[in-house]
Amino acid sequence: MKTKTVGREEKEIFASYITHHRLKRSDQRDVILDTFLRSERHLSVDDLLHLVQKRRPDIGRTTVYRTLKLLQSAGLAQELVVQGQTYFEREYKRQHHDHFICNGCGEIIEFSNPEIERLQDEVAAQHGFVIEGHRHQIFGQCRRCAAREPRLEARK
Ligand SMILES: [Zn+2]
Ligand SMILES: [Zn+2]
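Following the working numbering, the numbering of the sequence shown begins with 55 at its first residue and continues without gaps.
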């Protein structure tokens, strides 16, 4: 297992969040945060639970869920709801990005495009709409799934 320290800043932020909200420090939460930070992916509660339990089988789903919600309140995690399933991803100091979601295998692919961002600002301005945030989710087939289903290719 990697011993490299990850997310030192995030751990400090979480520690001060815990102190500020007068919560007890818990080593279970520390393990959950560390596991979360070592993963670059979009994780459901069960995905994270699975990774956490490889290190600490005694940690249960409720603790993982509650810790994720705390991370969210602390600004370290962001929730992403895809077709009714909730995922969490790192939030701190991450650049804005949007998601492609594969209907075949469920893979979530990140993208960002300044031109799309600029266009939506322009369209919003035309409507006098003040944007405070947005999430794009584009559904379809990832490269691998599209290759498996040639009839989808033919439709284009
Ligand atoms: Zn796929
Ligand atoms: Zn993402």
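Every residue, glycine too, gets a C-beta built ideally from N, C-alpha and C.
Is residue i near ligand 2, in the sense that its beta carbon is under 7 Å from a heavy atom of that ligand?
{"i": "Glu-213", "result": "Given that the chain is displayed from residue 55 to residue 210, the structure contains no residue 213 and the question cannot be resolved."}
{"i": "His-104", "result": "no"}
{"i": "Glu-161", "result": "no"}
{"i": "Glu-171", "result": "no"}
{"i": "Glu-66", "result": "no"}
{"i": "Glu-143", "result": "yes"}
Among all the DSSP beta bridges, which residues are the ones paired with residue i?
{"i": "Ile-155", "result": "Ile-162 and Phe-193"}
{"i": "Val-136", "result": "Gln-139"}
{"i": "Ala-131", "result": "Arg-144"}
{"i": "Leu-97", "result": "Phe-142"}
Within the present structure, is the beta-carbon of residue i separated from the nearest heavy atom of ligand 1 by less than 7 Å?
{"i": "Gln-195", "result": "yes"}
{"i": "Arg-198", "result": "yes"}
{"i": "Gly-233", "result": "In this structure the chain extends from 55 to 210, so residue 233 is not present and cannot be described."}
My assumption, with CB atoms under 8 Å, is that residue i sits in contact with residue j. Please give the rounded CB distance.
{"i": "Leu-125", "j": "Phe-90", "result": "7 Å"}
Requested in this report: Could you name each continuous beta strand (DSSP E) segment of 3 residues or more that falls completely within the segment 62 to 128, going from the start of the chain to the end?
Outcome: Runs of the beta strand (DSSP E) inside the segment 62 to 128: none found.
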